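Line by line, the protein sequences give chains A and B.
Count along the first sequence starting at 1, add 4, and that's the number in my numbering.
Count along the second sequence starting at 1, add 4, and that's the number in my numbering.
Protein chains: 2
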Amino acid sequence: MSTSELSSRISARLAQDIAVGEIACGAHLRAQEVADRYKVSRTPIREAFAALEEQGILRRFPNRGYFVADSIPQNIISEIKEAVDVARDEYQIFAEDWLTDQLPEIVTEQALRQRYNMTKARLSDLLARAAREGWAERKEGYGWRLLPVAKTAEAFDEIYRFRMAIEPAAMLEPSFKLNKEALASLRRTQERMLEGGVNSLPAEKLLDNGATFHEELARMSNNPFFLSALERVNRMRRLMEYRTKIDRQRLTEQCTDHLEIVSLLEQGEVLEASFFMRRHLSSALRRKARTAKFWSMTHQKD
Amino acid sequence: MSTSELSSRISARLAQDIAVGEIACGAHLRAQEVADRYKVSRTPIREAFAALEEQGILRRFPNRGYFVADSIPQNIISEIKEAVDVARDEYQIFAEDWLTDQLPEIVTEQALRQRYNMTKARLSDLLARAAREGWAERKEGYGWRLLPVAKTAEAFDEIYRFRMAIEPAAMLEPSFKLNKEALASLRRTQERMLEGGVNSLPAEKLLDNGATFHEELARMSNNPFFLSALERVNRMRRLMEYRTKIDRQRLTEQCTDHLEIVSLLEQGEVLEASFFMRRHLSSALRRKARTAKFWSMTHQKD
DNA sequence: TATCGGATTATAGCCTCCTGAAAAACAATC
DNA sequence: GATTGTTTTTCAGGAGGCTATAATCCGATA
């Protein structure tokens, strides 16, 4: 029964893949293959398999390994699909507390350990992550300083303006190279969203798809600094957007824009695509500005 | 005599400031003021003061505090100026080892602890820092993966191209606001360098001045994402440039460019300054490209 | 021969106690 | 009243043992 954190993470991901149909029913799951994919050893994989067998998602044949069950009850599938949203981890709680002024600007590790009831190691991971994302920094002596970077409503604008600087530029890098497959995959995702996903998928997934779209394009620049800068601001954006209600009308327009960009790129019109990207971000900024203003009036003090 | 790490860091910085003339002879050093500047309490400051008094750099008057000595022997001054270079900490050694292929791509914490003879906590700080800078990431199971981001000669180009995208854009941000004082201070630093500093200052200090120049301008954009992105790539650049010989001729041209940018800004010609910045970076890139090529032939294998 | 299954080895997180050092509170001096 | 000097409190890093769990090795099986 000992489901370690790692193996349960893995089993959750596998379950996802099976539920979505990424992994076909009846397929043989080779332990080593899966281990390679997740870049871990076979040990946690086997644990994950065992856990999934208990749920009836996999079947085991001694000395032959695990196979995806031939049919999986609908109720289990929907159960799996919903499970994603629950993953509100300590980090998000911490971030949320900071964004909502529940924490002082200067905090000691002790105070945080007490508040969140965490061990030293876990806490220092937490802080390292926040530091990595750019909103916490260790003071020289004791304590940490939490930065207001992502707190203000203006941060929305700032992120969009930053993206306006890097994303179109990334597409014009001399090392930029179209990745047809990635592009096709992006197109599929956006089309699926337009064909109803916008209204059915969970908010988190929708935001994720949007971020992935932009990041994949940045990746094609083949300049890792553009990509990692974008990933960075996107992570921070997510912290904030997590709290705002999603505007599904806006998402539809976004997807249309995204598809337009894909089309331009497919035709090799990189320069046009870059321009269009800039406009796309700029219109998002204008819209955001209004949302942010509203948000600031309703959620911020003074 | 217990000189903690923090207080000795502080005393080193103070000594620097005094040696360079940033802090005048005979000046009264108020403990609280210095503490505020370094964002620590008075305790480590007082220790630093005591250490500096022992070296004869400060004088103590009971109940009145510490004062900079009226005259500091030349030999002590040059000693201080050289001391900077020695501060090659574990992090730099670690980075160096990775850049020179002394470390495998996948490493366990144990292996690193043994190699560098570090405690758990220090090592995890080290790795957190590398992760923060973007060239290490924790694997899902045990171990860390070191990323080749900053290893290749191309990374030089990539960083400069990234900077070409963000730095001129930062100056055109609607929130951009000139900071006259900061500008004046930058001008002074650059002028000092042209007036001989280029040949006398330690390499590290020179690189530092350059980075600071650009970062201060990015700060004036009042968009923290531009600034932090620049700081990020600068840190990485430093890891690499640390190993290459410094070209003092090139530095002179750089300083001239920097002064030109300051002049444009002082006249309110922000647009021109932005253009000039782009050209400035682009010429550095062209030059770098040659250096990097040379560097790759001489330092890299295959 | 590729894959699985079980046994062994190694890793890293957690816990507790301990201590040097930083922060904070308080007292003294000009 | 601002600043220094002293004391007390709090903090976080270090060491070492313990344990869950990940990696690895090796034999078994189809």
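Ideal Cβ placement from N, Cα and C applies to all residues, glycine included.
Owing to the predicted nature of the structure, the values given are computational and were not obtained by experimental measurement.
### Query
So the beta strand (DSSP E) W102(A) belongs to, where does it begin and stop?
In the first sequence, residue 102(A) corresponds to position 98, counting from 1. That residue, W102(A), is in no beta strand (DSSP E); its alpha helix (DSSP H) goes 94-103.
### Task
For L263(B), I'd like the list of residues in its chain whose CB is within less than 8 Å of its CB, leaving aside the five on either flank, ordered along the chain.
What you label residue 263(B) is simply residue 259 of the second sequence in a count that begins at 1. Closer than 8 Å at Cβ, skipping near neighbours: R191, Q194, E195, L198.
### Query
In chain order, what residues of the same chain lie with their CB nearer than 8 Å to the CB of A277(A), ignoring the 5 residues before and after it?
Position 273 of the first sequence, counted from the start, is the residue given in the question as residue 277(A). Answer for A277(A): M175, I265, L268, L269, listed in chain order.
### Query
With 16 as the cutoff for other CB atoms within 10 Å, does E37(B) come out buried or exposed?
Your numbering for residue 37(B) matches position 33 in the second sequence. Burial call: exposed.
### Query
Going by alpha carbons, who is nearest to N79(A) out of Y95(A), Y70(A), E94(A), I61(A)?
Counted from its first residue, the first sequence places residue 79(A) at position 75. That would be I61(A), whose Cα lies nearest to the Cα of N79(A).
### Query
Are the stretch 279-290 of chain B and the stretch 236-252 of chain B touching, with three or more C-beta to C-beta distances below 8 Å?
Verdict: no, contact absent.
### Query
Below 8 Å between beta carbons: does that hold for A186(A) and A135(B)?
Translated into positions along the first sequence, residue 186(A) becomes position 182. Translated into positions along the second sequence, residue 135(B) becomes position 131. In this structure, A135(B) does not lie closer than 8 Å to A186(A) by Cβ.
### Message
Check whether chain B comes within 8 Å of N183(A), counting only Cβ atoms and requiring the distance to be less than that.
### Response
Within the first sequence, residue 183(A) is the residue found at index 179, counting from 1. It does not; no Cβ of chain B falls within 8 Å.
### Query
So T225(B) and E177(B) are in contact, right, with Cβ under 8 Å, and what is the actual spacing, rounded?
Within the second sequence, the letter at position 221 stands for residue 225(B). Within the second sequence, the letter at position 173 stands for residue 177(B). Note that residue 225(B) is Ser in the sequence shown, not Thr. Sure, about 4 Å apart at Cβ, within 8 Å.
### Task
Could you tell me how far apart the beta carbons of G147(B) and I110(B) are, in whole angstroms, since I believe they sit closer than 8 Å?
Taking the second sequence and counting its residues from 1, one reaches residue 147(B) at position 143. Taking the second sequence and counting its residues from 1, one reaches residue 110(B) at position 106. The Cβ separation is near 5 Å, so the contact holds.
### Query
What are the residues that DSSP puts in a beta bridge with E141(B)?
Position 137 of the second sequence, counted from the first residue, corresponds to residue 141(B). The partner list for E141(B) (beta bridge, DSSP) reads R149(B).
### Task
In angstroms with no decimal places, state the Cα-to-Cα distance between R223(A) and N67(A).
The residue given as residue 223(A) occupies position 219 in the first sequence. The residue given as residue 67(A) occupies position 63 in the first sequence. Each residue's alpha carbon lies about 42 Å from the other.
### Query
My guess is that L127(B) and R117(B) are in contact by the Cβ rule of under 8 Å, so how many angstroms apart are they, rounded?
Taking the first residue of the second sequence as 1, we reach residue 127(B) at position 123. Taking the first residue of the second sequence as 1, we reach residue 117(B) at position 113. Going by Cβ atoms, the distance from L127(B) to R117(B) rounds to 5 Å, so yes, they are a contact pair.
### Message
Short of 7 Å Cβ to Cβ, which residues in the stretch 163-192 of chain B face chain A?
### Response
I163, R165, F166, A169, I170, A173, E177
### Message
Among the candidates E137(A), L205(A), S179(A), L56(A), whose CA atom is the shortest distance from the CA of A159(B)?
### Response
For the purposes of this step, residue 159(B) is taken as residue 155 along the second sequence, with counting starting at 1. Considering only alpha carbons, the answer is S179(A).
### Query
Got a sec? Which residues, its chain only, sit under 7 Å from E220(B) by beta carbon, not counting five neighbours each side?
Numbered from its first residue, the second sequence carries residue 220(B) at position 216. Non-local C-beta neighbours of E220(B) in its own chain, meaning closer than 7 Å and more than five positions away in sequence, comprise A186, L190, ordered along the chain.
### Task
Could you list which residues in chain B have their beta carbon closer than 7 Å to that of Y42(A), in chain order?
On the first sequence, residue 42(A) is found 38 positions in, with the first residue counted as 1. Within chain B, the residues near Y42(A) are E144.
#### Entry: Proximity of L211(A) and K155(A) at Cβ, strictly below 8 Å
Taking the first sequence and counting its residues from 1, one reaches residue 211(A) at position 207. Taking the first sequence and counting its residues from 1, one reaches residue 155(A) at position 151. Going by C-beta atoms, L211(A) is not nearer than 8 Å to K155(A).
#### Entry: Beta-carbon proximity list for T4(A), same chain, < 8 Å, skipping 5 on both sides
Outside the displayed span of chain A (5 to 306) sits residue 4(A), for which this structure offers no information.
### Message
Contact defined as beta carbons within less than 8 Å: I believe E30(B) pairs with D74(B). What is the distance between those atoms, to the nearest angstrom?
### Response
Locating residue 30(B) in the second sequence gives position 26, counting from the first residue. Locating residue 74(B) in the second sequence gives position 70, counting from the first residue. A small correction: the amino acid at residue 30(B) is Gly; Glu does not occupy that position in the sequence shown. Correct: roughly 5 Å between the Cβ atoms.
### Query
Quick one, which residues of the stretch 10-38 of chain A are near chain B if we go by CB-CB under 9 Å, in chain order?
L10, R13, I14
### Query
For the stretch 150-209 of chain B, which segments carrying the alpha helix (DSSP H) assignment without a break, of at least 4 residues, lie completely within its bounds, in sequence order?
The DSSP assignment places 158-175, 184-196 as complete runs of the alpha helix (DSSP H) inside the stretch 150-209 of chain B, in order along the chain (cut-off: 4 residues).
### Query
Sorted by chain position, which residues of the same chain lie with C-beta nearer than 6 Å to E171(A)'s C-beta, five sequence neighbours on each side aside?
Counting from 1 along the first sequence, the entry for residue 171(A) is found at position 167. M281.
### Task
For N227(B), return the contacting residues in chain A, with the cut-off set at a CB-CB distance below 8 Å.
Position 223 of the second sequence holds residue 227(B). Ordered by position in chain A, the residues that pass the 8 Å Cβ test against N227(B) are E162, R165, F166.
#### Entry: Selection of the stretch 116-149 of chain A by Cβ proximity to chain B, strictly under 7 Å
S128, A132, A135, R136, G138, K143, E144, G145
### Task
Could you have a look at V274(A) and say whether DSSP puts it in helix, strand or coil?
The count along the first sequence starts at 1 and reaches residue 274(A) at position 270. Helix.
### Message
Using the three-state DSSP reduction, which class does R68(B) fall into: helix, strand or coil?
### Response
Numbered from 1 along the second sequence, position 64 holds the residue referred to as residue 68(B). Taken through DSSP and simplified to helix, strand or coil, R68(B) comes out as coil.
### Task
State the DSSP-derived secondary structure class of V44(B), mapped to helix, strand or coil.
Counting from one through the second sequence, the residue named residue 44(B) turns up at place 40. Correct three-state label for V44(B): coil.
### Query
According to the Cβ coordinates, are E51(B) and T7(B) closer than 8 Å?
By one-based count along the second sequence, residue 51(B) stands at place 47. By one-based count along the second sequence, residue 7(B) stands at place 3. Against a cut-off of 8 Å, the Cβ pair of T7(B) and E51(B) comes out as a contact.
### Query
chain B beta carbons: is any one of them nearer than 8 Å to that of S278(A)?
In the first sequence, the residue the question calls residue 278(A) occupies position 274. For S278(A), no CB of chain B lies under 8 Å from its own CB, so it is not counted at the interface with that chain.
### Query
Roughly how many whole angstroms lie between the Cα atoms of N227(B) and F166(B)?
Counting from one through the second sequence, the residue named residue 227(B) turns up at place 223. Counting from one through the second sequence, the residue named residue 166(B) turns up at place 162. Going by the C-alpha atoms only, they are around 17 Å apart.
### Task
Check whether the Cβ of S82(A) lies closer than 8 Å to any Cβ atom in chain B.
Counted from its first residue, the first sequence places residue 82(A) at position 78. Not one chain B Cβ lies under 8 Å of S82(A).
#### Entry: Selection of the stretch 228-243 of chain A by Cβ proximity to chain B, strictly under 7 Å
P228, F229, F230, S232, A233, V237
### Task
Classify Q271(A) as buried or exposed, calling it buried when 16 or more other Cβ atoms lie within 10 Å of its own Cβ.
Taking the first residue of the first sequence as 1, we reach residue 271(A) at position 267. Its Cβ having fewer than 16 others within 10 Å, Q271(A) is exposed.
### Message
Please state the DSSP three-state secondary structure of L285(B).
### Response
Residue numbering aside, residue 285(B) sits at position 281 when the second sequence is read from its first letter. Taken through DSSP and simplified to helix, strand or coil, L285(B) comes out as helix.
### Query
Around the C-beta of D251(B), are 16 or more other C-beta atoms found within 10 angstroms, so that it is buried, or is it exposed?
Within the second sequence, residue 251(B) is the residue found at index 247, counting from 1. D251(B) is exposed by the Cβ-count criterion.
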